[in-house]
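Reading through the structure tokens given below for one structure.
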Amino acid sequence: MLPSSLAQDSPQDFVNAHNAARALVGVGQVKWDERIARFARQYANQRKHNCKLVHSGGPYGENLAWSSYNLSGIAAVWMWVTERQYYNPRTNTCAAGKVCGHYTQVVWRKSVRIGCAKVKCTNNRGTFITCNYDPPGNVRGQRPF
């Protein structure tokens, strides 16, 4: 049994949450990649002092999440997936004034390797989570699935 602080934050938990969302649209599974996870851990550790949602600018696709409480990795993935309601696959666009790029990255067919990390923000300011994707998704002019 995992300690409660690690429950729902293991590599397999992140992979399973992504693959459940991907299965809903008939997209193949992602696999955990330790090289990408190392990148995610390094970046999460850089962000833990202020936990601002600032993208790394790295070579991977990237989803970020922050919460004032102890957000689990699974909850972060499903938070991104809730953007599905704003994505129109017919037009390959988000609803006006809405964000759906986190969702499309989760289900991006060509993104097949992931690595994620979670850190506790300093001074009890919440939780920061990053997931990185290879190859990156959200390529202009392409569809996620």
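Residue 91 in UniProt numbering sits at position 91 of the sequence shown, with consecutive numbering throughout. No residue lacks a Cβ here, since even glycine has one placed at the ideal position from N, Cα and C. Given the structure is predicted, the values throughout are model-derived calculations rather than measurements.
Start and end of the alpha helix (DSSP H) containing residue i?
i, result
"Phe-39", "34-47"
"Trp-80", "73-81"
"Val-27", "That residue, Val-27, is in no alpha helix (DSSP H); it is neither H nor E in DSSP."
"Gln-105", "101-106"
By the three-class DSSP mapping on this structure, what secondary structure does residue i have?
i, result
"Arg-113", "strand"
"Asn-132", "strand"
"Thr-93", "strand"
"Val-119", "strand"
"Asn-19", "helix"
"Gly-61", "strand"
"Asp-9", "coil"
"Phe-145", "coil"
Going by other Cβ atoms of all chains shown within 10 Å of its Cβ, with 16 needed for buried, is residue i buried or exposed?
i, result
"Leu-6", "Bear in mind that a pLDDT of 49 at Leu-6, under 50, signals an unreliable position, so the number given afterwards is only what the model happens to contain. With fewer than 16 other Cβ atoms within 10 Å, it is exposed."
"Gln-105", "buried"
"residue 150", "Summary: the structure shown does not reach residue 150, with the chain confined to residues 1 through 145, and so no result is reported for it."
"Ser-68", "exposed"
"Gly-141", "exposed"
"His-102", "buried"
"Ala-26", "In the sequence under discussion, the amino acid at residue 26 is Gly, which differs from the Ala named in the question. With fewer than 16 other Cβ atoms within 10 Å, it is exposed."
"Asn-123", "exposed"
Name the DSSP beta bridge partners of residue i, please?
i, result
"Ser-67", "Thr-127"
"Asn-88", "Thr-93"
Once the 5 residues before and after residue i are set aside, which same chain residues still bring their CB inside 8 Å of it?
i, result
"Asn-19", "Gln-29, Val-30"
"Arg-38", "Gly-115"
"Pro-3", "Because the pLDDT at Pro-3 is just 39, under 50, the model does not fix this residue reliably, and the value given afterwards should be weighed accordingly. Once the five neighbours on either side are set aside, Pro-3 has no close Cβ partner at all."
Does at least one heavy atom of the ligand HEM sit under 7 Å from the Cβ of residue i?
i, result
"Gly-141", "The model depicted lacks the ligand HEM and carries no ligand whatsoever."
Between which residues of its own chain and residue i is the CB-CB distance below 7 Å, once the five residues before and five after are set aside?
i, result
"Asn-70", "Thr-127"
"Arg-113", "Val-30, Lys-31, Asp-33, Ile-36, Asp-134"
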